[in-house]
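Here the structure is laid out as structure tokens; the discussion comes afterwards.
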């Protein structure tokens, strides 16, 4: 059964590569590359929000974000081995998706107001006070550690699911989950609108950030 469209799959792995590239560029002081990669990540983030509203069934937030009761029931099922399989993100996975989107969004926005006090500053630094720039620059560094923590939790969750026979990594490559045969297949949409949003916003952010 195919559960992930090509946009979601490319988005996932492109985001992994971008986060790695952003970490590397900050560590070695390649701030020009850091800004370029940040523009791509910002565009990817915005296009994911768009696709979370207008995209394929398994990409839409309304299809996988559940209430506290459903999350609690799924967590209990995980502990007892009776949680069953979900087509797309499960209730706990949905929380991770939301957390990652929130933290990545905050990382991008805080970067717009950040400065290394030497050569590089975000495009909105001139519009706020020095105290605000210092505060958001510190937050930008702290928030990346929070992001790393979420990534570690995400990897651990994938390992746990793999031990339960759910091959989530291959599914995010091929889009297919053979273990879900017998369940109702989700409706997948043409992905060109998502890539159009990504392309336009990426070009706009690159022009704005410089």
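In full-length UniProt numbering, the protein residues as written are 1 to 210.
For every residue, glycine included, the Cβ atom is placed at its ideal position computed from N, Cα and C.
Same chain, Cβ closer than 7 Å to residue i, five either side skipped, listed in chain order
i: residue 4; result: 58, 171, 172 and 175
i: residue 19; result: none
Residue range of the alpha helix (DSSP H) that includes residue i
i: residue 48; result: 31-54
i: residue 172; result: 168-174
i: residue 6; result: 6-28
i: residue 130; result: 130-163
i: residue 76; result: 68-80
i: residue 108; result: 91-112
i: residue 190; result: From DSSP, residue 190 is part of no alpha helix (DSSP H); its letter is neither H nor E.
i: residue 63; result: 61-64
Residue i classed as buried or exposed, judged by whether at least 16 other C-beta atoms fall within 10 angstroms
i: residue 68; result: exposed
i: residue 86; result: buried
i: residue 48; result: buried
i: residue 197; result: buried
i: residue 192; result: exposed
i: residue 11; result: buried
i: residue 140; result: buried
Same chain, Cβ closer than 8 Å to residue i, five either side skipped, listed in chain order
i: residue 169; result: 158 and 162
i: residue 150; result: 96, 99, 100 and 103
i: residue 187; result: 56 and 57
Cβ neighbours of residue i in the same chain (closer than 6 Å, five flanking residues each side left out)
i: residue 64; result: 88, 89 and 94
Next item on the list: Specify whether the segment 34-45 and the segment 176-184 touch according to this definition: at least 3 beta carbon pairs, one from each stretch, less than 8 Å apart.
Entry: With a cut-off of 8 Å, the segment 176-184 and the segment 34-45 do not count as touching, because too few Cβ pairs lie within range.
Check: Can you find at least 3 beta carbon pairs, one from the segment 129-146 and one from the segment 112-119, that sit closer than 8 Å?
Finding: yes
Check: Given 8 Å as the limit, is there contact between the segment 65-81 and the segment 121-131, that is, 3 or more CB pairs closer than that?
Finding: Segments in contact, no.
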